[in-house]
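Presented below is the structure to which this report refers.
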Amino acid sequence: MRIKDILSPESMIMDLKAKNKEDAIKEMADLEVATDIVNDEDAFIKSIWDRENESTTGIGGGIAMPHARNKSINKARVLFAKSKDGIDYNSLDGQPVHLFFMITAPAGADNTHLQALAKLSGLLIDPDLVEKLKATKTPEEVIYLFEKAEAKKDEEDKKAAEAKKAKEAAKAQGNAEEDNKPLIVGVTACINGIAHTYMAQEALIKEGKKRGIEVRIETNGSEGVKDKLTPDEIKRAKGVIIASDKKVDMPRFDGKPLVNRPVVDGINKPGELIDDIMDNKADVYHASAADKSEEASSTEKPGVWASIYKNLMNGISHMLPFVIGGGILMAISFIVENYGGGAKSPAFIFLNNAGNLAFAFMVPVLAAYIAESIGDLPALMPGFVGGYMASIVNGQFQVNVQAHATSPAGFLGGIAAGFIAGYLMVGLKKVFANLPHSVEGMKPMLFYPILGLLFIAAIMFYIINPIFSGINFAITHFLNGMGTGNLVLLTTILAGMMSIDMGGPFNKAAYVFASGAFANDPHSATAAILMAAVMVGGMVPPFATAIGTAFFKNKYTMEERRAGISNWVLGFSFITEGAIPFAAADPGHVIPSCIIGSAVGGALVGLWHVGVPAPHGGLWVSPLAGNIGGPSHILFYFLATVIGSIVAALIMSFWKKNVKEDPNE
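Using the working numbering, the first residue of the sequence shown is number 1, and each one after it goes up by one.
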């Protein structure tokens with residue numbers, strides 16, 4: 001299908017009368033209905049505004065591309081409209097829009113229509129074409145310009161395909177010349193996958209040609225994944241550009257310098273993205289075990305538990321800086337208290353207060369971002385308030401860690417608040433889904449915040465806080481009253497879980513349990529012991545692989561021995577993921593060995609009552625080791641880590657078979 005098949009003189013407005021964004025969309029929608037492109041104007045306009053509310057389609061350079069794809073649309077079509085004076089369309093560059101391309105695609109649009117839409121979108125990154133379109137006076141001129149541009153693009157694509165085919169043939173025959181041109185690969189994707197996806201692809205490829213750089217872009221659009229990157233291309237690429245507004249397949253880029261930006265940056269800032277790769281400004285991307293596991297099953301519809309885990313992890317990832325920063329400053333304040341002037345010293349007061357203030361935000365932030373993951377931005381405020389209410393005793397507006405309250409809803413109540421606020425907002429969106437468009441702007445500014453706050457406050461005050469405060473108190477009381485035997489069993493299990501998937505759900509579950517106990521009572525000796533156990537359990541895998549590669553070289557490849565060197569530092573820093581390449585290469589030997597070693601280390605932590613009142617830091621926070629206010633346990637903290645790591649390294653290395661390659665190569 002050619003571009004002229006989706007352009008029509010009857011779908012063009014050569015002199016748009018509208019003076020603002022809302023009127024412009026309405027004027028174009030009226031014509032869509034009049035020409036039988038759209039069968040339900042209200043539904044169509046709503047879908048256009050839903051897309052605009054996600055991010056403006058005013059892409060800059062005087063162009064806007066409002067688009068929709070749903071059952072209110074009868075056929076694929078591009079409506080062209082021109083405004084002489086320009087319209088404030090909330091464009092990304094803040095400039096008025098003169099050219100409008102309203103793209104419509106029915107819910108069942110076939111690939112030929114979608115390909116034509118994609119091609120038209122790609123042509124619009126040509127500034128010469130855009131300037132000529134601004135000067136057009138008749139619909140026939142518009143169609144002529146696009147036909148001419150399409151023919152030119154087809155010729156370029158044909159030459160590029162022939163060159164690629166010749167290159168592949170020469171390579172197959174062993175006659176290919178060495179290609180020294182640098183390669184950058186990438187993925188472009190937008191929410192609807194109709195326009196921005198292909199414009200970003202075209203802009204990046206075109207910018208690469210200007211700079212003598214080969215750019216290969218995979219598109220994730222309405223017709224599925226196109227121009228899929230091969231493992232060989234990814235392997236030899238200097239870096240990766242992700243210009244996307246939705247999730248893409250990421251683990252395949254593990255270990256590559258990667259820039260991750262919105263799709264509009266691919267359109268408007270292709271040179272900047274390419275420069276970030278070529279100037280070595282991009283960070284190296286590391287895929288976690290959870291990422292790999294999630295991507296492996298990404299073709300399946302997420303189940304209930306997968307959805308819960310995703311939302312919970314969104315909250316935890318935003319919470320961690322508050323936990324780590326606040327927890328470590330509080331822990332340092334205890335050292336100052338013991339060795340630097342007591343509880344009245346200015347240094348202790350400053351550090352302790354700073355840590356407490358950061359810690360006070362922990363549960364509210366956790367709840368807020370769980371809610372945001374479920375109900376988007378409108379759910380953030382109700383989630384935050386619900387999390388704050390979980391941190392206080394009903395009617396006492398003091399945060400737990402400052403007031404030493406004995407019965408707030410706590411960490412578990414905060415999790416409940418986040419999920420309730422998120423799904424509450426999902427429900428409110430459905431309730432107000434059919435409101436007239438004239439009051440559309442009142443929903444995020446009035447209805448959602450007022451009703452969201454009212455409902456979450458009532459639910460927390462009358463239901464969640466009374467129930468979870470009792471649960472929280474019972475758990476805290478149980479943990480603080482544990483005998484040595486039960487404590488050893490618990491620390492053994494938690495530490496062992498840290499090695500099961502090395503950053504995945506089991507690892508996170510153990511860490512969340514320990515950090516939750518620590519959050520409920522940062523002054524608890526038992527909570528400090530649980531934190532020490534999960535840190536020892538998480539340090540064992542990287543240390544075990546480092547020890548194994550250093551002392552049993554004949555059991556590991558050269559690549560593994562190189563990785564083992566960096567694992568000394570990663571282990572010291574409580575970064576379990578350093579052992580993932582070893583586990584991925586030989587899970588049958590590596591994972592069980594690490595679980596045993598971590599469990600041994602955790603058992604020793606519980607047996608020796610080693611407490612670390614800090615939620616992160618590995619051996620860097622060893623000066624804090626010891627029950628709060630009690631004797632230092634630095635030596636025991638080191639011993640638990642070292643013994644667990646040696647046990648894991650020995651089991652792993654004796655169990656593995658010798659590698660075939662020469663260990664001295």
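We treat Cβ as the ideally placed atom computed from N, Cα and C, and that holds for glycine. Fair warning: this is a prediction, and the values are worked out from it, not measured in the lab.
Quiz prompt | Alpha-carbon to alpha-carbon, residue 360 and residue 402 | solution = Note that residue 402 scores 36 on pLDDT, short of 50, meaning its location in the model is unreliable; the coordinates nonetheless yield the value given after this. Near 8 Å, if we compare the C-alpha coordinates of residue 360 and residue 402.
Quiz item: Between the stretch 304-313 and the stretch 351-358, are three or more C-beta pairs nearer than 8 Å?
Solution: Between the stretch 304-313 and the stretch 351-358 there are fewer than three inter-stretch CB-CB distances shorter than 8 Å, so the stretches are not counted as touching.
Quiz prompt | Inter-stretch contact at 8 Å, needing at least 3 Cβ pairs: the stretch 156-167 / the stretch 132-142 | solution = Taking 8 Å as the limit for Cβ pairs, the verdict is that the stretch 132-142 does not touch the stretch 156-167.
Self-check item: Identified DSSP bridge partners for residue 218
Solution: Bridge partners of residue 218: 187.
Exercise. Would you tell me roughly how many angstroms separate the C-alpha atoms of residue 327 and residue 91, rounded to the nearest one?
Key: Residue 327 and residue 91: Cα-Cα distance of roughly 43 Å.
Quiz prompt | Residue from 244, 247, 210 and 198 with nearest C-alpha to residue 227 | solution = The residue with the shortest Cα to Cα distance from residue 227 is 198.
Quiz prompt | Secondary structure of residue 83, DSSP reduced to three states | solution = The DSSP-derived three-state label of residue 83 is strand.
Quiz item: residue 45 lies in the alpha helix (DSSP H); which residues open and close that run?
Solution: Membership of residue 45 in the alpha helix (DSSP H) is indicated by the continuous run 41-54.
Quiz prompt | Between the CA atoms of residue 329 and residue 613 - distance to the nearest angstrom | solution = For residue 613 and residue 329, the distance between alpha carbons rounds to 10 Å.
Quiz item: Comparing alpha-carbon positions, which option in 506, 262, 535 and 343 lies nearest residue 324?
Solution: Taking only the C-alpha atoms, the option nearest residue 324 is 535.
Exercise. Determine the extent of the alpha helix (DSSP H) in which residue 58 is found, giving its start and end residues.
Key: From DSSP, residue 58 is part of no alpha helix (DSSP H) but of the beta strand (DSSP E) over 58-60.
Quiz prompt | Where residue 327 sits in the DSSP three-state scheme | solution = When secondary structure is reduced to three states using DSSP, residue 327 falls in the helix class.
Quiz prompt | Cα-Cα separation, residue 15 to residue 54 | solution = In this model, residue 15 and residue 54 are separated by some 28 Å (Cα to Cα).
Practice problem: Would you mind working out which of 318, 640 and 589 sits nearest residue 602, comparing C-alpha positions? | Solution: Among 318, 640 and 589, the Cα nearest to that of residue 602 belongs to 640.
Quiz prompt | Contact between the stretch 229-238 and the stretch 142-155 (3+ Cβ pairs under 8 Å) | solution = Fewer than three Cβ pairs drawn from the stretch 229-238 and the stretch 142-155 lie within less than 8 Å of each other, which leaves the two stretches out of contact.
Quiz item: Thinking C-beta only, is residue 246 closer than 8 Å to residue 189?
Solution: Taking 8 Å as the Cβ cut-off, residue 189 and residue 246 qualify as a contacting pair.
Practice problem: Compare the C-beta of residue 65 against all C-beta atoms of chain D and say whether one is closer than 8 Å. | Solution: The question asks about chain D, but that chain is absent: this structure has only one protein chain.
Quiz prompt | Sub-8 Å separation of residue 561 and residue 553 beta-carbons | solution = Yes, the pair counts as a contact, with Cβ atoms nearer than the cut-off.
Practice problem: Measure the alpha-carbon distance for residue 263 versus residue 532 and round it to whole angstroms. | Solution: Straight through space, the alpha carbons of residue 532 and residue 263 are spaced by roughly 43 Å.
Quiz item: In chain order, what residues of the same chain have a beta carbon less than 6 Å from the beta carbon of residue 619, not counting five sequence neighbours either side?
Solution: These residues qualify, in order along the chain: 572.
Exercise. Could you have a look at residue 378 and say whether DSSP puts it in helix, strand or coil?
Key: In the three-state reduction of the DSSP assignment, residue 378 falls in the helix class, which pools H, G and I.
Quiz item: Between 45, 89, 515 and 99, which lies nearest to residue 317 when the distance is taken from Cα to Cα?
Solution: Checked all of 45, 89, 515 and 99; the closest Cα to residue 317 is 515.
Quiz prompt | Buried or exposed (CB count within 10 angstroms, at least 16 for buried), residue 474 | solution = Residue environment: residue 474 is assigned as exposed (fewer than 16 neighbouring CB atoms within 10 Å of its CB, all protein chains considered).
Practice problem: For my contact list, residue 647 and residue 597 are in at a C-beta cut-off of 8 Å; report their separation, rounded to the angstrom. | Solution: About 4 Å separates the two Cβ atoms, so the contact holds.
Practice problem: With residue 435 as the anchor, note down where its alpha helix (DSSP H) starts and where it stops. | Solution: No residue range can be given for residue 435, since it is assigned to no alpha helix (DSSP H) and is classified by DSSP as neither H nor E.
Exercise. If I'm right that residue 259 touches residue 277 with Cβ under 8 Å, what's the distance once you round it to whole angstroms?
Key: Between residue 259 and residue 277 the beta-carbon gap is near 6 Å, inside 8 Å, which marks them as a contact.
Quiz item: Around the Cβ of residue 156, are there at least 16 other Cβ atoms within 10 angstroms (buried) or fewer (exposed)?
Solution: Residue environment: residue 156 is assigned as exposed (fewer than 16 neighbouring CB atoms within 10 Å of its CB, all protein chains considered).
Practice problem: Grab the span of the beta strand (DSSP E) containing residue 621 for me, first residue to last. | Solution: Neither: residue 621 is in no beta strand (DSSP E) and is coded neither H nor E.
Exercise. Could you tell me the distance, in whole angstroms, from the CA atom of residue 449 to the CA atom of residue 47?
Key: Taking C-alpha positions only, residue 449 is separated from residue 47 by approximately 23 Å.
Quiz item: According to DSSP, which residues form a beta bridge with residue 244?
Solution: Looking at the DSSP assignment, residue 244 forms a beta bridge with 189.
Self-check item: Contacting residues, own chain, Cβ-Cβ under 6 Å from residue 28 (five flanking each side not counted)
Solution: Around residue 28: 79, 81 and 102.
Self-check item: Candidates 446, 122, 577 and 52: closest to residue 254 by CA position
Solution: Per the Cα distances, 577.
Quiz item: What is the rounded straight-line gap between the Cα of residue 599 and the Cα of residue 498?
Solution: Their backbone Cα atoms lie some 9 Å apart in a straight line.
Self-check item: For residue 236, the first and last residue of its enclosing alpha helix (DSSP H)
Solution: Residue 236 -> alpha helix (DSSP H) spans 231-236.
Quiz prompt | Distance between residue 362 and residue 586 (C-alpha atoms, nearest Å) | solution = Distance between residue 586 and residue 362, taken at the CA atoms: about 38 Å.
Self-check item: Between the CA atoms of residue 444 and residue 332 - distance to the nearest angstrom
Solution: Their Cα atoms are separated by approximately 43 Å.
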